[in-house]
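In the numbering used here, the protein residues as written are 178 to 790.
Cβ atoms here follow ideal geometry from the backbone N, Cα and C, with glycine treated the same way.
As the structure is a prediction and not an experimental result, all values here were calculated from the model.
Notes follow once the structure below has been shown.
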RNA sequence: GGCUCCGUAGCUCAGCUGGAUAGAGCAACUGACUUCUAAUCAGUAGGUCAAAGGUUCGAAUCCUUUCGGGGUCACCA
């Protein structure tokens, strides 16, 4: 903010002074100058014309002259309605020293605001997949960026650990698990349990198929089929009815759920054991991804709480009960529908739990804002949730925000578990690391390092590629994830940015200490050097934008731009063997500043920088 | 169908709170490593910014309509 802030202030002053404009009423448009013109910043003159009533050429000259007089700029040129400013180079020398000397350049001091970010939030019946990865990376980066900009941020997730799904896994394990555990079968806990969920579905399908051939199945078909309905379509349609009314396995799973809800000791203990396995698995995936949480909520302990909230709403007349006992809220005034909050049998639905969880969180933390990182298929759900919170006049209602992101597709289309096209998170991370290894082995100085260090670097590069690939896309946009592209390490990728950093590190290793003394303020930077300086000066502004808009892709694209400009600079100019001592010192300082900002911005995206690659 | 999001180069994406001739990467082709790490750089080629109207000094960007695609509209989560 350093350079732009100074410049904007001076320009405003100049406008007030020259044309007697009301300083509170104008906000001059100051852009970064396009590379084909001379200068670093450009003042757009068009909006000023009606106020000043002068031709842009004249006005530009007057403003430019005055800024030169003030010593802030060295020179200027006017092209059509654009006033291009070339800053006083001393400003840049001071600026780069400021960047290098400021620990955490780009960060903002604590602002006293508290934010809760919810992300990941898996079910315990399946391992994490590609969709979770996008969610987790988004949540994590948003957390980091907000923290960097001075917020107190609490990372949380809500785990869906109860319900019919986990009961299916439990039942399958009881029936066919032969008492095995993840440890003695050598399978990661979450995959172990997920496999039993899949096994249940398989066995259920087999059972269903057999039933369709049975007398009972045929009888139901001829009795309940619609006019002209084929058997195949019919059985597809009534799958849930079959599960609930006829299926032996379905009956058993539902009994299991009832026993769970009745707190049956044996059931609870099996449930704890299997969920425990899952959590171990999740934990290792999170660790591999480099993320962690401050607080975990479990639906098993929040779902009942939601009922109390509903009760309060009913008592105060905000909600109403229908004849069958179900409880509803009318949101038609807000342009939405009526929404059920409790089933006729008194059990809670999805949104009931969310109402309870939100309330519980506020009690725990009194956060000013609560951000939910959840895919865009749930947009309506969150509109409803937020609206109900407003109706209940919850103190946190205004601070709720749904960070909605588009689903991840494969080049072949949507991921479908039934067709086995779901990309597993653990597999994917292994693959990108392996790919990094394949590419890296004959590059740079890696081969000379100890094996452990090599592995660490492969991890940083592989995950850097994967994470950058996913974060660079705007959250709300649906993205197509091509596995081939995600392991790309050239061009607009994580490793490309890491490579810029590594080059700087290498130079610094080779720098002789003696020459490291003060900069000459009279050094005149080349245009590529000035491009880098402008980018560095814009960094805090970009970061702030990313924080305000909850959009980490802004940071990713900024880091890429900075790395790209540095690569160009690196090819164009010598550093250690620069044409003069002044140039060398300036470039070293500039490189250090770039390295610092690259490392710090990538860190916000959860991407680590290797020193060598 | 109602509501909502998206549509920019062959592909993946930037640019969107209006500013100069719409940018990157991948893929294709040409060049640059005895010189600070070539995971790099330079160059060639590639566009009716889905379409049509409107707002204005100026529109990929804002408004309206149309077309195409996704999501959602459960006593599922």
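- Looking at the DSSP output, residue 263 bridges to 252.
- Taking every protein chain shown into account, the CB of residue 627 has fewer than 16 other CB atoms within 10 angstroms, so this residue is exposed.
- Scanning the stretch 325-411 from its first residue to its last, the whole alpha helix (DSSP H) runs of 4-plus residues come out as 341-353, 359-362, 366-390, 392-401.
- In the assembly as shown, residue 618 is an exposed residue. Its beta-carbon has fewer than 16 other beta-carbons within 10 Å.
- In this chain, the alpha helix (DSSP H) harbouring residue 425 covers 425-438.
- Counting every other CB atom within 10 Å of its CB across the protein chains shown gives residue 235 a total below 16, marking it as exposed.
- DSSP places residue 749 inside the alpha helix (DSSP H), whose first and last residues are 730-749.
- Within the same chain, 345 come within 8 Å of residue 378 by CB-CB distance, once the 5 residues on both sides are set aside.
- Counted as a single uninterrupted DSSP element, the alpha helix (DSSP H) harbouring residue 246 occupies residues 233-247.
- Note on geometry: alpha-carbon atoms of residue 668 and residue 201 lie some 45 Å from one another.
- In the three-state reduction of the DSSP assignment, residue 295 falls in the strand class, which pools E and B.
- One thing to note: residue 729 has its Cβ no nearer than 7 Å to the Cβ of residue 283.
- Residue 609 places its beta carbon less than 7 Å from that of residue 643.
- Assignment of residue 203 by DSSP, reduced to helix, strand and coil, places it in the coil class.
- Within the DSSP bridge table, the entry for residue 547 names 293, 577 as partners.
- Around the beta carbon of residue 353, fewer than 16 other beta carbons lie within 10 angstroms, which makes this residue exposed.
- In this structure residue 396 is exposed. Its beta-carbon is surrounded by fewer than 16 other beta-carbon atoms within 10 angstroms.
- Distance check between residue 204 and each of 185, 509, 615, 194 places 185 closest, using alpha-carbon atoms only.
- Shown here, residue 657 sits in a strand according to DSSP, grouped into three states.
- Excluding its 5 nearest sequence neighbours in each direction, residue 742 has C-beta neighbours in its own chain below 8 Å: 705, 708, 709, 712, listed in chain order.
- Remark: C-beta atoms of residue 533 and residue 568 do not approach each other more closely than 7 Å.
- DSSP places residue 515 within a strand segment (E or B) once states are collapsed to three.
- Taking the Cα positions, residue 471 is about 5 Å away from residue 332.
- Residue pairing of residue 582 in beta bridges, as defined by DSSP: 552.
- Check the Cα spacing between residue 605 and each of 440, 509, 304: the tightest is with 304.
- With fewer than three CB-CB distances shorter than 8 Å, the stretch 407-417 does not count as touching the stretch 438-447.
- Residue 584 is positioned such that its CB atom lies closer than 7 Å to that of residue 655.
- Scanning 398, 652, 596 for the CA closest to the CA of residue 579 turns up 652.
- Taking residue 360 as reference, the option from 484, 455, 380 with the minimal CA-CA separation is 455.
- In this structure, residue 547 sits away from residue 482, with a CB-CB distance that is not shorter than 7 Å.
- The Cβ atoms of residue 641 and residue 784 lie closer than 7 Å to each other.
- Between the beta-carbon of residue 448 and that of residue 616 there is about 45 Å, and that puts the pair past the 8 Å contact cut.
- Residue state for residue 593 is assigned as coil, using DSSP reduced to three classes.
- Contact annotation, residue 766 with residue 277: C-beta distance approximately 6 Å; criterion of less than 8 Å satisfied.
- Contact between residue 697 and residue 759 holds, with the beta-carbon distance rounding to 4 Å and staying under 8 Å.
- Ranked by Cα distance from residue 247, the options 214, 275, 188 are led by 188.
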